[in-house]
Each structure stands twice: as C-alpha cells, then as structure tokens.
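Encoded as structure tokens, the structure appears first; notes follow it.
Number of protein chains: 2
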Amino acid sequence: MPYNELRKDYLLNRWVVIAKERSRRPTDFAKQKTETAQTAVCPMCVGNEHMTPPAMMLYLKEDGGVKKSKDPLVGERPKNWLVRCIPNLYPAFSSPRQPEDETQIMKSECFGYAIGHHEVIIESPNHDEDPADAELPQLELVIKAYIDRLRELSAKPYVKYVSIFRNYGREAGASLSHAHSQIIATPMVPSIIQEELEASKAFYDKHGKCVFCDIIEQEVKGPRFVLENNDFIVFAPYASINPMAFWIMPKKHALSILDLTRPEVSAFAQTLKASLKALKDLVNDPPYNYGFHLAINKEAKDHYHWHLEVYPKLSIWAGFEISTGTYINTITPETAADSLRKAIKP
Amino acid sequence: MPYNELRKDYLLNRWVVIAKERSRRPTDFAKQKTETAQTAVCPMCVGNEHMTPPAMMLYLKEDGGVKKSKDPLVGERPKNWLVRCIPNLYPAFSSPRQPEDETQIMKSECFGYAIGHHEVIIESPNHDEDPADAELPQLELVIKAYIDRLRELSAKPYVKYVSIFRNYGREAGASLSHAHSQIIATPMVPSIIQEELEASKAFYDKHGKCVFCDIIEQEVKGPRFVLENNDFIVFAPYASINPMAFWIMPKKHALSILDLTRPEVSAFAQTLKASLKALKDLVNDPPYNYGFHLAINKEAKDHYHWHLEVYPKLSIWAGFEISTGTYINTITPETAADSLRKAIKP
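First to last, the sequence lines map onto chains H and E.
In case it helps, my numbering puts the first sequence at residues -18 to 327.
In case it helps, my numbering puts the second sequence at residues -18 to 327.
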C-alpha cells in the first residue's frame, strides 16, 4: 500500500499517522549534545541541603545499610543521604492549608483550586546520575522512593491521582540537571488516565478480561517487542505518538507499583535501566520524559493495569498536533522496537 | 485563596493548573532571537518554483488585479504569483491512488491508511512575510486561499476533516522559514474536534443554543477580553493550556470559514494581524502555532461554531503533561488578556 498508516491507540480516542513516506531511522535523530546550563551551585547536590526545603523523606546510608528518615526541622540536615524527597519550591498543586479545604475538595473536584502535592525526588548524591548508567541498588532505591511516596499520597482522602514522572534533558523540560523525578498528587483524575480507565472497564465488561493483559499477549510475540524477563515486557506501542517511544508493562496484573514485591522492584530497575541504556546508545543520549500510568481507586483493580510510558523528545508538536490532538510519528513503532531490541545489552 | 487555580476547558475533558504561585509576566518569556537556519536556496522564493511540485492553485498578479490559476504541468511556471498552494513533498496524508481506496475509506475510518491531502500555502513572495506585519490585502489573499482549499477538500467524499494551521518559528516546528501555512485533510474527525462536537451538541440539546455563542457573551464583558470589532472577538480562553494563548471567534454563528463574506474576510485579516502584532511586540517575536477549529459536516450547523486558536510556544510540555493530558500554565489568561489588550495598536 502506498500510504502512510493511520493508527488509533489501544484505548484512547487518539490517532497517529505512522509516516513511512517520510520515514526516518533512529540514528537520524542523534545530534550534538547541547551544553546543559550549569547553575553556579546545584541546590540538589550534597552539602547544599540548606538550599531546599527540609526533606519529608530521606534514605540514609547507615551502618552499611539504608535507613528511612526525614530532615530535622531545626539544626543541621544529614548529608549521608542516598535519596532525598523534598517539596517542590514552586508547587503546581499545594497541600490543603485548612481542614475545610480538604472537605470541599472531597465534595467536588471542580472546587476550582489546585489542591494536592508536588514533590521532587532527588535520585542520587551524584549530580549526573542517569537511570541508563546508574548502579542497580541506587535505581532500586529510587523506585522504592516512588512506592513510599505513592503509598503516603494516595492514602489522602482528597487525592484522586498521583502522577510520577521524570524529565531528562533541558529540551524535555528539566530545568535543573541534577538527577531527579517529580510526583504530583491531584484532586481529580487526569483526562488520559480517565479515558484509559473507562475504556479498560468497557473492555472488561464485554470480554471478562484485562485489556492490558491482552495487549501483553499480542505484543510479546509481535514486531514491536523489545525485551522480556520474568516480570516485565518492554514494547513499542502500536500507535506511538513519539518516535522511539516504548512502554514497560508488568506481567502481573496490578493497579500500581504499590503491589511490587522486592524481587519485582529489582527486576523493574533492571528493565528500566536496560531499555533507557539502549535508547541512550542508539540516539546519542536524547532528552526524554517518562510517566507512570496507574490507578489508586481500588474499584479499578480488575480492569486497570499499571505501566510506565517512555517518551523520547525527538520531534516538535506543532499546529496540527496541538489543534487536533492527532499526531505524526516519523519512526514506525516496528522500526523503533527492532533497533531498541538490537541495542539492548544482555 | 492561597492555591493555584484548577480549571477545566469550556468543552473538553481537559484540566489546567493556572499557576499563580510561580506566576510569570509576559515579558519574562521574551528571549534573544535565535538565528533561523537559512537554507542555501529557499524552495518557496520567487524564481525557485521548479524546486516544488506544480501548484494546484495560484493567485497571480495580473492587470492590476488578482487572478486565480494553477501551474502548467509542462513548460515554465508563472513567477508573478502572490499566493501559491502546492502539495507537501512529504505528505502525512496522501490522496487516493485508486477509486477502490476512496470507497474503502468511506466505509470505515479504521481502514488503516492515512488517505487525505497535505498541502502547503506559500503566503507571499516575500520570504520573511509575517501576518503580524503583512499588508492587509496580502493577508486577505491568504485567508481566501484557506477558503478556496477548504471548499475543494471538504467536498471530497472521503474527507471528514480539514485542519488549517500555521507554524511560526523553528521552535514551533517550522522547518522552512519562508512564510507558509499547511492544510491537512483527514479521513477521520480528530479527537479534539470530535470531543468539541459532542460537547457542543450536548449543550445545544440541553439549552437550545450554541455554547460558543454563549462563551462570546461571557468573555466579551470579562477579564479575558482582548479585542472586539463588528465581526470578531478576541479573548484568552478560561482554561488556556499555553501561556499567552488567545482565540479569535466570529460573532456570526457559522460552521467554518466557508461562510465568510468579503467584508468578514477583511475584518478577520485585520483581527488576526492586530492580535499577532500585539503578541509579537509583547514577547519579542515568539514562536507560535495557530490552528482553525471548524466543522465540515453540515449536521453540526446548529451547535458548532468555528474559531481560530493561537498557541504561543513559550513552555515545554514535559512528563506530567504528556502522560496525563493535564497542563500547567504559568501566565493566567487574565494577565495574558490584560497585557495583549494594552499592546493592541488601534
């Protein structure tokens, strides 16, 4: 067929043109590394703890082990941390100032105020730590921090969703270059998650099974397959809207990372590192974003299935994409998967 | 209230945080102009017509007037053009190669191939023409070209939507710097338009009037108002997802620009120029995208109402935005409107 393909997302009402006619290879996107603007002093580096608000959670290195703690409110802050979780200085969503606000937001998400939480997870004492090259024990700690914070935030009665995401590289929106992730807890379920929840519920009601489990079965044996181990599968989604995008999906049906066992945390760290390393090697360390898709409402437990979506920042969404919500992807997911598969280090 | 505001779009299930706590002024976004990479030879400039496919539509300057024509398929191409409409060399959507394909696509949008059209409108013989500074008669010709192409493309039985958009500046996705717009005709209705159609239909069924007419009534007297004349109103939408975004909406209830009279074309050109000029002056010539929202299905005539949306490219959508479909806007629409209103030249 002499046409570009037109694909619709597994679940979302979202279309993408897989533009074979202007098809590009992954290496076409490799570019000279741009200089990251270095701030004079990095507020996230060891020794500069006083430049940030006190950490609500710390993993400290003590007696050859790791101990969970938090910053003291007065006096000197510990410097022997491995991971530090602090409030965002400029929060998009802020915590309730008074109990009435909590009550209001529980009555209606349309209360109109961005009540919630906005936190930063400093992933390592090493300024330039990168999940693609990090030591596995350190990466496991980062994932444990995601889980700890998700557990605490999702238990709050006014929190309807918790978004855990990472921006890597200036072009992907990372304003500070020190390794960090962000967590935003919102008083409403964001639209993309809501649409996935509804579509997966409809699929479950009709077919009696989880649509994501079904997707795994399809993708594990197909041309978009990238990587598999006992616990996870990595694949390029059928209707990727970003060149080189891939998803990491747990084989175990679960709502969120709260259900991960210790070995699964370790397997997830390995899977994340291996796939990000393949992307880094292939495309000369490109900027990217990743974000978890998960559910905190237990009513979704039969039909929703958490996963991580990785979006390399290799193209610009312009007038067509912004005004229509339809995308043009110049690398087919099959090409992306094939090249990632070959770049995976054993 | 010590919180950021959380707003939902007039029609879409789309949320935005109006981030007052990290609120910025329009001038904070002004930056040094980046050098536009100049191609050695611009394929859109006068004299280089042979570098592009033949134009399917030309406005020629002849005998002191303007004549509609097209490029001859053999021999020399006219150089006395004012506006040139050519096929995109790397179309995202391509025209049907055989009649069976047209039939297939009419049976199902899920046919799976990106059949449609992708055209480029070269807006002027002047390489650097910019709607903010263009002469009004030239800008009127551009709008007439939009109308002419929309009329032809929307009449094709396999076309379900026609997106008309413009990318200004490299950071906004303009890969060539010569003044141009693009038109993409698709075999399906894109999701954002579909959602607007459904929500405006629901509003009409419930209230017996057009929701956009209602929005105009609200916004014309409110803090987000920018500009008004006999035919159009310009305002910053209540839940803008881009800093400094504004919409141009016709007071006359109509499905698309096909209904514009000659004086309305002229008024639209003036409105577009005045508001883009205000943006340019305020924020030091920022990159932007604009896109029309319109309907070609006459069944929507009671409840849908065309408009133009302008999206200045002043922030990066990162992990949170991409994974959740929820946005953070660091300029309130009220601040945007106020500063645009003051920057409008009479």
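Think of the CB as a built atom: it goes at the ideal place given N, C-alpha and C, for glycine as much as any other residue.
Bear in mind the structure is a predicted one, so any value in this text is a computation, not a measurement.
Asked: Going by beta-carbon coordinates alone, are Gly272(H) and Glu290(H) separated by less than 8 Å?; Found: yes
Asked: Per DSSP, what kind of secondary structure is Lys48(H) in: helix, strand or coil?; Found: strand
Asked: Please state the DSSP three-state secondary structure of Gln79(E).; Found: coil
Asked: When the distance is taken between beta carbons, is Ala115(H) closer than 8 Å to Lys261(H)?; Found: no
Asked: Can you tell me whether His(-9)(E) is helix, strand or coil according to DSSP?; Found: Sequence check: residue -9(E) is Tyr here, not His. Three-state DSSP puts Tyr(-9)(E) in coil, outside helix and strand.
Asked: Would Pro171(E) pass as a contact of Tyr139(E) if the rule is Cβ separation under 8 Å?; Found: no
Asked: Considering only C-alpha positions, which residue in the set Leu70(E), Arg65(E), Trp287(E) and His98(E) is nearest to Arg78(E)?; Found: His98(E)
Asked: Classify Pro224(H) as buried or exposed, calling it buried when 16 or more other Cβ atoms lie within 10 Å of its own Cβ.; Found: buried
Asked: Measure from the C-beta of Asn278(H) to each C-beta in chain E and report whether the shortest distance is under 8 Å.; Found: no
Asked: Spell out a yes or no on whether the region 306 to 321 of chain H and the region 162 to 169 of chain H are touching, meaning 3 or more CB-CB pairs, one atom from each, closer than 8 Å.; Found: no
Asked: Unbroken alpha helix (DSSP H) runs of length 4 or more, entirely within the region 231 to 315 of chain H: which are they?; Found: 243 to 263 and 300 to 305
Asked: Identify each residue in the region 301 to 316 of chain H for which the Cβ-Cβ distance to at least one residue of chain E is less than 8 Å, and report them in chain order.; Found: Phe301, Ile303, Ser304, Thr305, Gly306, Thr307 and Ile309
Asked: Does any C-beta atom of chain H lie closer than 8 Å to the C-beta of Met37(E)?; Found: no
Asked: Is Leu120(E) helix, strand or coil when you go by DSSP?; Found: helix
Asked: Is there at least one Cβ from chain H nearer than 8 Å to His274(E)'s Cβ?; Found: yes
Asked: Please classify His104(E) as buried or exposed, where buried requires at least 16 other C-beta atoms within 10 Å of its C-beta.; Found: The displayed chain sequence assigns Glu, not His, to residue 104(E). So Glu104(E) counts as buried.
Asked: Output the distance between the C-alpha atoms of Ala250(H) and Lys125(H), rounded to the nearest integer angstrom.; Found: 10 Å
Asked: Whose C-beta lies closer than 6 Å to the C-beta of Glu30(E) among residues of the same chain, with five residues either side of it excluded?; Found: Arg58
Asked: Quick check: is the beta carbon of Arg147(E) nearer than 8 Å to any beta carbon in chain H?; Found: yes
Asked: Quick check: Val64(H) and Leu122(H), are their CB atoms within less than 8 Å of each other?; Found: yes
Asked: Using a Cβ-Cβ cut-off of less than 8 Å, list which residues of the region 114 to 147 of chain E approach chain H; keep chain order.; Found: Tyr142, Ser144, Phe146 and Arg147
Asked: Going by C-alpha to C-alpha distance, which of Glu280(H), Ala235(H) and Met230(H) sits closest to Ser256(H)?; Found: Met230(H)
Asked: Please list, in chain order, the chain H residues whose beta carbon lies closer than 9 Å to that of Gln175(E).; Found: Asn(-6) and Gly306
Asked: With 16 as the cutoff for other CB atoms within 10 Å, does Arg243(E) come out buried or exposed?; Found: exposed
Asked: With H, G and I counted as helix, E and B as strand and the rest as coil, what does DSSP make of Tyr127(H)?; Found: helix
Asked: At 3 residues or longer, and completely inside the region 163 to 223 of chain E: list those beta strand (DSSP E) runs for me, N to C.; Found: 206 to 209 and 213 to 216
Asked: Between which residues of its own chain and Cys194(E) is the CB-CB distance below 7 Å, once the five residues before and five after are set aside?; Found: His234 and His286
Asked: Which one or two residues does DSSP pair with Asp100(E) in a beta bridge?; Found: The sequence given here has Glu at residue 100(E), not Asp. Partner(s): Pro68(E) and Ile164(E).
Asked: Exposed or buried, Gln199(E), counting other C-beta atoms within 10 Å across all chains shown (16 or more means buried)?; Found: exposed
Asked: Taking only beta-carbon atoms, is Phe193(E) less than 8 Å away from chain H?; Found: no
Asked: Ile102(H) and Phe74(H) - do their beta-carbons sit closer together than 8 Å?; Found: no
Asked: Would you tell me roughly how many angstroms separate the C-alpha atoms of Ser181(H) and Tyr127(H), rounded to the nearest one?; Found: 25 Å
Asked: Applying the criterion that 16 or more other CB atoms from any shown protein chain within 10 Å of the CB defines a buried residue, is Ala259(E) buried or exposed?; Found: buried
Asked: Tell me which residues share the same chain as Asp(-10)(H) and place their Cβ nearer than 7 Å to its Cβ, disregarding the 5 neighbours each side in the sequence.; Found: Ala220
Asked: With H, G and I counted as helix, E and B as strand and the rest as coil, what does DSSP make of Leu157(E)?; Found: coil
Asked: Within 10 angstroms of the Cβ of Val(-2)(E), are there 16 or more other Cβ atoms? Answer buried if so, exposed if not.; Found: buried
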